[in-house]
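First up is the structure itself, then whatever we jot down about it.
There are 4 protein chains.
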Amino acid sequence: MKRIGILTSGGDAAGMNAAVRAIARSAMNAGLEAYGINYGYKGLVEGNIFKMESTKLDEIVNRGGTILYSARYPEFAEKETQLKGIEVLNKFGIEALVVIGGDGSYHGAEKLTMHGFNSIGVPGTIDNDIPGTDFTIGFDTAANVATEALDRINDTATSHQRVFVVEVMGRGAGDIALWSGIAAAADAIVIPEREYDIEAIANKLTENRKNGKDHGLIVVAEGVMTAAEFKEKLDQYGDFDSRAVTLAHVQRGGVPTTKDRVLAARLGDYAIQLLLEGKGGLAIGIHDNKLVATDIIDTLENHKHQTDVSLLDLNDRIRF
Amino acid sequence: MKRIGILTSGGDAAGMNAAVRAIARSAMNAGLEAYGINYGYKGLVEGNIFKMESTKLDEIVNRGGTILYSARYPEFAEKETQLKGIEVLNKFGIEALVVIGGDGSYHGAEKLTMHGFNSIGVPGTIDNDIPGTDFTIGFDTAANVATEALDRINDTATSHQRVFVVEVMGRGAGDIALWSGIAAAADAIVIPEREYDIEAIANKLTENRKNGKDHGLIVVAEGVMTAAEFKEKLDQYGDFDSRAVTLAHVQRGGVPTTKDRVLAARLGDYAIQLLLEGKGGLAIGIHDNKLVATDIIDTLENHKHQTDVSLLDLNDRIRF
Amino acid sequence: MKRIGILTSGGDAAGMNAAVRAIARSAMNAGLEAYGINYGYKGLVEGNIFKMESTKLDEIVNRGGTILYSARYPEFAEKETQLKGIEVLNKFGIEALVVIGGDGSYHGAEKLTMHGFNSIGVPGTIDNDIPGTDFTIGFDTAANVATEALDRINDTATSHQRVFVVEVMGRGAGDIALWSGIAAAADAIVIPEREYDIEAIANKLTENRKNGKDHGLIVVAEGVMTAAEFKEKLDQYGDFDSRAVTLAHVQRGGVPTTKDRVLAARLGDYAIQLLLEGKGGLAIGIHDNKLVATDIIDTLENHKHQTDVSLLDLNDRIRF
Amino acid sequence: MKRIGILTSGGDAAGMNAAVRAIARSAMNAGLEAYGINYGYKGLVEGNIFKMESTKLDEIVNRGGTILYSARYPEFAEKETQLKGIEVLNKFGIEALVVIGGDGSYHGAEKLTMHGFNSIGVPGTIDNDIPGTDFTIGFDTAANVATEALDRINDTATSHQRVFVVEVMGRGAGDIALWSGIAAAADAIVIPEREYDIEAIANKLTENRKNGKDHGLIVVAEGVMTAAEFKEKLDQYGDFDSRAVTLAHVQRGGVPTTKDRVLAARLGDYAIQLLLEGKGGLAIGIHDNKLVATDIIDTLENHKHQTDVSLLDLNDRIRF
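Protein chains in written order, with full-length UniProt numbering: chain L, 1 to 320; chain B, 1 to 320; chain D, 1 to 320; chain G, 1 to 320.
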């Protein structure tokens, strides 16, 4: 093997650039050439590909977003387009592809693998919802951004005796809601993985007011409903002087945390080590604190991310 | 004079606690007693008042929100209630009142002054929209929070070649929009102080795309319209793959910046120095980098905050 | 069991307060009373003990330091003093003790357990050097503070083509150095767990300069030597326009990260669950992402923290 | 005028890149060409000069350090070298030079002006010690970094009842010490502009301990002495369980604050507006909140930065 390609796809996540650096560097230091592919699968098919240079890589380690850009490209669901992509990769002499991204990005890598082109998926998404790994690159940063926002909102909630309903990202997984909610002492956390009981939540808030906590914080994962919708439902059970806030895209970019950068370094290097051993067609990740690689087809077809729902019970035990 | 009272009122702003500390300490160190009044004018009328202790004050200097709480209290617009408030103050032996807050809070202090009770208004609000001062306590922190959020959003905008419309706080003043917009290299800033031309903004974005900048950032002050409304209008002029984001309450709380804390220290101490000189009935502030005190009645009746609209022209000269 | 006691001891670490809250709340919500012990073992022996109230606990979740304070107290190494402590605990009707702290703090808990008083050790220290857990409360925050400092220093190193030698905390463990060093793209990381070769490091820096990276970053754990000492040695091998910086105490306090707060919540609650099950005399922690409890005497006598030294090899593969 | 040159010189400061962007953009949008000069005056003399492109400028607005680099170059004190520099500028067709930097950098611009080459000095240094301006680009960021560090240290000081002596940057000016010291509730601030009385400081700390504040914070500007030296002196007056910390280079780089970026935008654009009006040989700055331009020769020869020493008296009135 002489050349590997790298692309990022799907929603950007903090730490993607640290992963790009680790993949490229680990490849270069092992004697390979690393090619960057701009704009995800779209750039792949269009041949928007360049040879990466080592000198510029260290300075991207702390930058949000992705220097390789991302782009929507539904056309890549078609076999013809996938084969076109492999043709382009062959033309550039690229023998293996490392894809950083979420669910959709993995499916691209899966298809390329099915057509015989060696691809490895590196989990990069803020939602933490990819099978084959306990944590994705970008989740820790997103959770910290959400927590910091909740801290700020707690200041206002306390000052004004209000209840805030805050919607955090997480379409299919409640991980950001759980981690930031626990970290910010939320009174209730609402996630897609478990039924919520709005009457019980409202009763708890009313009871809290009697017992000396006259403000509240409810964290809702976007996959359940919007903050505005939840607030409207809640208001039917009492006058909580409630406010709805949607954190939205601020959770996505920004300077990655140490944990996300170290995870990016470990996974990025691991992808290259596997390729050097002749392996491929893998989804890689971290499980029980150890690097793991699983068959990308089996992982995507037969497994699902398991949110640690016990954190919800934990929150019930430590809240006011 | 033996005793002064302190209250916070209106929306909380980062740095209010640093102001509370400076007022209380400056009073204590000059031999006065400082009384904290909880829940703004409501607590004043209800006698929710306590003697402050020096030992606990240093640790609030970096905390968001207000330890004296705030509360809505429209009843204070009535003369009867105002006189009731003065009665309570007299009962506690409080001879002068320092009020930290925004426009509405100032009006309370104005009324008390009109009824003969010495009051001083300290400008504390994130919107920077109070007459009699160039800068309010809380504005610098809010602007920094907004800028950091815009930085994050720029990462995503760049990665995905999108246009983001971001709504920042500022009901009557465009200051947060202007400062954060310039700081984050916005392509357009929309403020209540000046007519906007949405067609011109759309054309600029289209032109940018031709000239090599394929993403964009538009900062809209909430006083103009919501981000969603602006996005909808914008989309009529082209396909910008646009997104609307509302920063909302995250701009309010949080750890205050150095500038807000130093401003709070200066203004808080200045209020006490003026009271010690026998002065009162004043709105205080900072103008051209100097502490200033103006008649609170005249200031509120005859003056308006002047946003530095030249910053909009500046942004036009330095944007892409 | 009716009453549990909580104390913090040793160097403060971000997240200790979140652990105090979780322990106290989990106890209260299970029907127990929680007593706070001020100033560590000193306060224990002196009876500086108070009943904790639920209402004030949520607001400490994001505060650095420890609201229970800490104090040096070498006297607690003596059996007599330990028995005096148990006497005091009995007097207060406290039946079990949860100690948050580092190595020294654990030894106190071990001794109390040996004398028959049920104690549980919760790992709280920035150094990540406690046996029985993969991660300690405070480590993630400290690593992030160090990384942010290294990011800043990289800006200056790049602008001025300098080599910076930065000393981070970690007397017996290189974990902060490893994590922050990888995160900040260090050219070399020097830790107590492995011999360093200063000539090799100097040669690498010289070689880097030839290959296009004209600045450098070396992260040194304090357990190896000071930054100033390392710089002096390094300068004997070439003119690197080097600077020595010691991050020192800034790594200790501050707002805890989400990860540290969630870890504090999990471990704090776990301590109470174990006590409710009638267990005690335990060191608790997180291992391979799962909560674990081990005999505190065996853990302290027979085990040592294992730094993941493979991170050093990883850094060698991904650096310039 | 067709072409202007931009260089940064002296110690890097956060916001320098925002200034580079504003200067270049304002020039480009006015129809001029902007040339970047790498490595300060060294690069100028060596002809390390390139035409800047508009597309890459927006993304540097939030980056610390300087993309134009800096370098020591004592040779530029010699007339011969200065004339060589002008020769190079003429060769590149550059008709005016904008220099961002501190005292030393201004002297270079002064000399070029004396030799007839139109130069403008933009104040960029963290120390806030340049005549002709109330605030320099980089000061607000450095003060905020210092304040955040002091906040962290306060957590530890409070937890352990210690006194911390913290050395902040500021060789000739106490501005960082004053602003961060007031912001972090320091018990004493020691600056080069005023004599300090160590006995009085020690007595105050001892008295504080009696009155209920058992920890302390002393901020020392590096221009007075090192933290270690101050601690040693202090320890002669009592047992304060004191610690010395030097913040050092972390104050320099990092993401610039909103205030520093807006100041950079205003000053950068102002430099170009002046050049377009045919003016030059100027030091520009902000005074009493307004942009000002003064003769660079007169400013450097006859004026000195005036630290607002009244802040020291303010701190004495609001401290414990």
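Where is the CB? At the ideal position from N, CA and C, for every residue including glycine.
Shown here for Ala-228(D): same chain residues with a beta carbon closer than 7 angstroms to its own, the five before and five after excluded, namely Ala-244 in chain order.
Against chain D, a Cβ distance below 7 angstroms from Ser-242(G) picks out nothing, because the smallest value is about 12 angstroms.
Less than 9 angstroms divides the Cβ of Met-169(G) from the Cβ of Glu-222(G). Membership of Tyr-73(B) in any beta strand (DSSP E) is not indicated, and neither H nor E is assigned to it by DSSP. The C-alpha of Ile-126(B) is placed about 8 angstroms away from the C-alpha of Asp-140(B). Going by beta carbons, Val-250(D) and Ile-153(G) fall inside the 9 angstroms limit. Here DSSP, grouped into helix, strand and coil, assigns Thr-294(D) to strand. Val-163(G) carries a strand assignment under DSSP once its states are collapsed to helix, strand and coil.
Looking at the DSSP output, Ile-4(G) bridges to Ala-34(G) and Ala-96(G). Beta-bridge analysis with DSSP links Thr-113(L) to no other residue. In chain order, Ala-96 and Gly-280 place their CB closer than 6 angstroms to the CB of Asn-118(L), counting only its own chain and leaving out the 5 sequence neighbours on each side. Val-190(B) carries a strand assignment under DSSP once its states are collapsed to helix, strand and coil. Following the DSSP letters along the chain, one finds Leu-247(D) in no alpha helix (DSSP H), marked with neither H nor E. Rounded to the nearest whole angstrom, the CA to CA distance from Gly-216(L) to Ala-264(D) is 21 angstroms. Chain G has no Cβ within less than 9 angstroms of the Cβ of Leu-312(B). Rounded to the nearest whole angstrom, the CA to CA distance from Ala-142(G) to Asn-302(G) is 27 angstroms. In the structure shown, His-215(D) adopts coil according to DSSP, grouped into three states.
Using a CB distance cut-off of 9 angstroms, Ala-265(B) counts as an interface residue toward chain G. As the crow flies, the alpha-carbon of Leu-178(D) is around 21 angstroms from that of Gly-11(D). For Phe-50(L), the uninterrupted beta strand (DSSP E) run begins and ends at 49-51, by DSSP.
A check of alpha carbon separations from Ile-201(G) across Ala-184(G), Thr-226(G), Phe-230(G) and Asp-175(G) identifies Phe-230(G) as the nearest. Residues Gly-47 of the same chain have their beta carbon placed closer than 8 angstroms to that of Lys-91(D), with the five preceding and five following residues left out of the count. Three or more Cβ pairs drawn from the segment 60-75 of chain G and the segment 154-165 of chain D lie within less than 8 angstroms of each other, which places the two stretches in contact. Annotation for Glu-75(B): Thr-81 place their beta carbon closer than 6 angstroms to its own, counting only its chain and skipping 5 residues before and after. In the structure shown, Leu-282(G) adopts extended strand secondary structure according to DSSP, grouped into three states. In the DSSP annotation of this structure, the continuous segment of the beta strand (DSSP E) that includes Ile-120(L) starts and ends at 119-123. Here the alpha carbons of Glu-167(D) and Ile-130(D) stand approximately 21 angstroms from one another. Measuring C-alpha to C-alpha distances from Val-163(G) to each of Asp-155(G), Val-255(G), Asp-241(G) and Gly-108(G) identifies Asp-241(G) as the nearest.
DSSP places Gly-268(D) in the uninterrupted alpha helix (DSSP H) bounded by 258-276.
Rounded to the nearest whole angstrom, the C-alpha separation of Val-122(L) and Thr-136(D) is 27 angstroms.
For Phe-320(G), same chain residues with a beta-carbon under 7 angstroms away, outside a window of 5 residues either side, are Asp-187, Asn-208 and Lys-213 in chain order. Taking all protein chains shown into account, Thr-55(G) has fewer than 16 neighbouring C-beta atoms within 10 Å of its C-beta and is therefore exposed.
In this structure, Ile-60(D) and Ala-34(D) do not form a Cβ contact; the two beta carbons are roughly 13 angstroms apart against a cut-off of 8 angstroms. At a C-beta separation below 7 angstroms, Tyr-41(L) has no neighbours in chain B, since its nearest C-beta there lies roughly 14 angstroms away.
Counting every other CB atom within 10 Å of its CB across the protein chains shown gives Ser-310(D) a total below 16, marking it as exposed. Annotation for Gly-108(D): Tyr-41 and Phe-76 place their beta carbon closer than 6 angstroms to its own, counting only its chain and skipping 5 residues before and after.
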